[in-house]
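Colleague: So the protein sequences, as listed, match chains A and B. Under full-length UniProt numbering, the first sequence has 110 at position 110, and the numbering climbs by one with no breaks. Under full-length UniProt numbering, the second sequence has 36 at position 36, and the numbering climbs by one with no breaks.
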Amino acid sequence: MKDALHIGGKALSSRLFIGTGKYSRNTLIPEVVAASGSEVITVALRRVDPSSREENVLNHIPPHMTLLPNTSGARTAEEAVRIARLARAAGMGNWVKIEVINDQRYLLPDNLETIRATEILAAEGFVVLPYMSPDLSAALRLRDAGAAAVMPLGAPIGSNRGLRTKELIGILIEETGLPIIVDAGIGRPSEAAEAMEMGAAAVLLNTAIATARDPLGMAEAFRGAVAAGRQAYLAGLGAVRQEAEASSPLTGFLNV
Amino acid sequence: MKLYINGNETRLGEACGTLADLLSRPEWKERRMIVELNGAIVGKEDYGHVTLADGDRVELVHFVGGG
């Protein structure tokens with residue numbers, strides 16, 4: 001496979017990871033999977049409500065997808081570990097997105113608890129993808145703890161505010177040697193392309209697609225943007241300069 | 001018998017001998033769930049021979065949409 005993304009022993013051809021939350025109907029999920037070309041999809045774990053016959057979201061996820069259960073709802077490393085073990089017990093593979101949040105307004109991750117959970121779960125053989133605030137020392141500790149990639153936020157979850165943490169994400173890309181997957185905040189295809197141009201390994205999106213007027217059209221738009229950004233990164237962007245540099249020869253004018 | 005199911009105190013008749021009995025009740029049957037009993041995950045193959053006791057804490061969880 002050309003330019004595959006290697007994570008957790010898998011070679012992925014798509015660098016667009018998607019979520020399953022906020023869709024107006026779950027039957028959109030397989031259509032969004034097809035339109036996005038995505039191969040990795042997130043799900044959450046919750047208590048079953050006996051009064052609701054809510055369908056299991058897994059019924060709508062095509063079997064070729066790699067499931068990435070998140071630990072949303074966890075406030076401590078221990079809670080995240082418990083959720084991860086429950087998800088693995090369901091026989092859905094050993095990938096996990098660590099998400100430990102103590103801030104209910106901005107839903108910003110708790111890097112310290114995230115590092116602790118990563119240490120425990122990586123040692124248990126999980127493929128650990130931690131959602132984190134883009135801080136270099138935290139990213140290096142996550143790497144040393146055994147994370148398969150790190151997933152810094154671009155902006156708060158569900159905010160569609162874009163790559164607000166761009167400079168810090170750039171530092172993680174340069175310094176960690178790990179795949180950097182921009183998770184949360186990306187609202188527009190141009191922002192996904194920008195993350196990929198910088199050298200991000202992938203982007204993870206949910207709200208931007210699920211809440212678009214036409215989720216299938218948006219899934220396709222993001223697919224193109226991620227592929228274009230990746231291609232631009234591989235092609236090597238030209239240098240940025242302050243002053244003009246003529247693209248046409250400055251000699252040999254007809255009237256000179 | 002008194003159980004705590006997903007945090008809710010639930011009183012059941014003595015018919016609930018095993019986890020399999022509990023999970024065959026109308027509110028829980030035919031659901032794809034993961035089961036935790038007193039903090040330990042129980043595999044499907046064990047539902048029939050795990051006996052419930054008064055005061056047990058049962059967690060029944062499943063996958064939902066999320067990002």
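Here a beta-carbon is modelled for each residue, glycine too, at the ideal position from N, C-alpha and C.
In whole angstroms, what separates the C-alpha of A/Gly249 from that of A/Leu16?
Modeller: The sequence position of residue 249 of chain A within the first sequence is 249, counting from 1. The sequence position of residue 16 of chain A within the first sequence is 16, counting from 1. What sits at residue 249 of chain A in the sequence shown is Pro, not Gly. Those two C-alpha atoms are separated by around 41 Å.
Colleague: Would you please state the rounded distance, in angstroms, between the beta carbons of A/Ala184 and A/Gly229? I believe it to be under 8 Å.
Modeller: Here residue 184 of chain A corresponds to residue number 184 of the first sequence, with the count starting at 1. Here residue 229 of chain A corresponds to residue number 229 of the first sequence, with the count starting at 1. Wrong, their Cβ atoms sit about 17 Å apart, outside the cutoff.
Colleague: Should A/Arg213 and A/Leu178 be called a contact, given that it needs their Cβ atoms to be closer than 8 Å?
Modeller: Mapped onto the first sequence, residue 213 of chain A falls at position 213. Mapped onto the first sequence, residue 178 of chain A falls at position 178. Contact: no.
Colleague: Under 7 Å between beta-carbons, which chain B residues line up against A/Pro50? List them in chain order, please.
Modeller: Stepping through the first sequence from its first residue, residue 50 of chain A is reached at position 50. By Cβ distance, chain B contributes Glu27, Trp28.
Colleague: On the three-state DSSP scale, how would you describe A/Pro215?
Modeller: Counted from its first residue, the first sequence places residue 215 of chain A at position 215. A/Pro215 falls in the helix class under three-state DSSP.
Colleague: Could you confirm whether any beta carbon from chain A is found closer than 8 Å to the beta carbon of B/Asn6?
Modeller: Counting from one through the second sequence, the residue named residue 6 of chain B turns up at place 6. With 8 Å as the cut-off, B/Asn6 counts as an interface residue toward chain A.
Colleague: How close, in whole Å, do the beta carbons of A/Pro134 and A/Leu168 come, if the pair is a contact with beta carbons under 8 Å?
Modeller: Along the first sequence, read from residue 1 onward, the residue named residue 134 of chain A stands at position 134. Along the first sequence, read from residue 1 onward, the residue named residue 168 of chain A stands at position 168. About 4 Å; that satisfies the 8 Å criterion.
Colleague: Considering only the alpha carbon of each residue, which of A/Asn111, A/Met151, A/Ile61 lies closest to A/Ala77?
Modeller: Your numbering for residue 77 of chain A matches position 77 in the first sequence. Closest by alpha carbon: A/Asn111.
Colleague: Please give me, in chain order, every unbroken run of the beta strand (DSSP E) with length at least 3 that falls completely inside the stretch 12-54 of chain B.
Modeller: Runs of the beta strand (DSSP E) inside the stretch 12-54 of chain B: 34-37, 40-42.
Colleague: In three-state terms, what does DSSP make of A/Asp144?
Modeller: Taking the first sequence and counting its residues from 1, the one referred to as residue 144 of chain A is at position 144. Three-state result, A/Asp144: helix.
Colleague: Quick test of your reading: B/Val42 and B/Leu19, contact by CB under 8 Å. State the CB separation rounded to the nearest angstrom.
Modeller: Translated into the one-based positions of the second sequence, residue 42 of chain B becomes position 42. Translated into the one-based positions of the second sequence, residue 19 of chain B becomes position 19. Sure, about 6 Å apart at Cβ, within 8 Å.
Colleague: Going by other Cβ atoms of all chains shown within 10 Å of its Cβ, with 16 needed for buried, is A/Lys2 buried or exposed?
Modeller: For the purposes of this step, residue 2 of chain A is taken as the residue at position 2 of the first sequence. So A/Lys2 ends up on the exposed side.
Colleague: I believe A/Arg46 touches B/Val61 by the beta-carbon criterion, under 8 Å. Please report the beta-carbon distance rounded to the nearest angstrom.
Modeller: Position 46 of the first sequence holds residue 46 of chain A. Position 61 of the second sequence holds residue 61 of chain B. Indeed they touch by this definition, with Cβ atoms about 6 Å apart.
Colleague: Let me check understanding here. Comparing Cα to Cα, which of A/Ala74, A/Gly125, A/Arg88 lies closest to A/Pro109?
Modeller: Here residue 109 of chain A refers to the residue found at position 109 when the first sequence is read from its first residue. Of A/Ala74, A/Gly125, A/Arg88, the residue nearest in Cα terms is A/Ala74.
Colleague: Which whole-angstrom value describes the C-beta separation of B/Gly66 and A/Ser72, a residue pair presumed to lie in contact below a C-beta threshold of 8 Å?
Modeller: Taking the first residue of the second sequence as 1, we reach residue 66 of chain B at position 66. Taking the first residue of the first sequence as 1, we reach residue 72 of chain A at position 72. Correct: roughly 6 Å between the Cβ atoms.
Colleague: Would you mind reading off the limits of the alpha helix (DSSP H) that contains A/Ala202?
Modeller: Numbered from 1 along the first sequence, position 202 holds the residue referred to as residue 202 of chain A. Run containing A/Ala202: none in the alpha helix (DSSP H); it sits in the beta strand (DSSP E), 202-205.
Colleague: Would you tell me roughly how many angstroms separate the C-alpha atoms of A/Ala80 and A/Asn26, rounded to the nearest one?
Modeller: Locating residue 80 of chain A in the first sequence gives position 80, where the first residue counts as 1. Locating residue 26 of chain A in the first sequence gives position 26, where the first residue counts as 1. Approximately 26 Å between the Cα atoms of the pair.
Colleague: Considering A/Ile41, what are the terminal residues of the alpha helix (DSSP H) in which it resides?
Modeller: Counting from one through the first sequence, the residue named residue 41 of chain A turns up at place 41. Per DSSP, A/Ile41 belongs to no alpha helix (DSSP H); it is in the beta strand (DSSP E), 40-47.
Colleague: On a CA-only basis, which of B/Val64, B/Arg31, B/Leu37 is nearest B/Leu52? Give me that one, please.
Modeller: Looking up residue 52 of chain B in the second sequence gives position 52. Taking only the C-alpha atoms, the option nearest B/Leu52 is B/Leu37.
Colleague: I'd like to check one pair, B/Met1 with A/Val48: are the Cβ atoms closer than 8 Å?
Modeller: The sequence position of residue 48 of chain A within the first sequence is 48, counting from 1. The sequence position of residue 1 of chain B within the second sequence is 1, counting from 1. Against a cut-off of 8 Å, the Cβ pair of B/Met1 and A/Val48 comes out as no contact.
Colleague: Run down chain B in chain order and give the residues with a C-beta less than 9 Å from the C-beta of A/Gly21.
Modeller: Indexing the first sequence from 1 puts residue 21 of chain A at position 21. What A/Gly21 touches in chain B: Val64, Gly65, Gly66, Gly67.
Colleague: Return yes when the Cβ of A/Met132 is within less than 8 Å of the Cβ of A/Ala123, no when it is not.
Modeller: Counting from one through the first sequence, the residue named residue 123 of chain A turns up at place 123. Counting from one through the first sequence, the residue named residue 132 of chain A turns up at place 132. Against a cut-off of 8 Å, the Cβ pair of A/Met132 and A/Ala123 comes out as no contact.
Colleague: Compute the Euclidean distance between the alpha carbons of residue 273 of chain A and A/Asn70, then round it to the nearest angstrom.
Modeller: Since the first and last residues shown for chain A are 1 and 256, residue 273 of chain A lies out of range.
Colleague: For a cutoff of 8 Å on Cβ pairs, would you count residue 68 of chain B as touching chain A?
Modeller: Nothing about residue 68 of chain B can be reported from this structure: the residues present for chain B run from 1 to 67 only.
Colleague: Using a cut-off of 9 Å between C-beta atoms, extract the partners of B/Arg32 located in chain A.
Modeller: Here residue 32 of chain B corresponds to residue number 32 of the second sequence, with the count starting at 1. Near B/Arg32 (Cβ distances below 9 Å), the residues of chain A are Asn56, Leu58, Asn59, Ala90.
Colleague: Looking at the structure shown, is A/Gly170 part of a helix, part of a strand, or coil, going by DSSP?
Modeller: Counting from 1 along the first sequence, the entry for residue 170 of chain A is found at position 170. A/Gly170 falls in the helix class under three-state DSSP.
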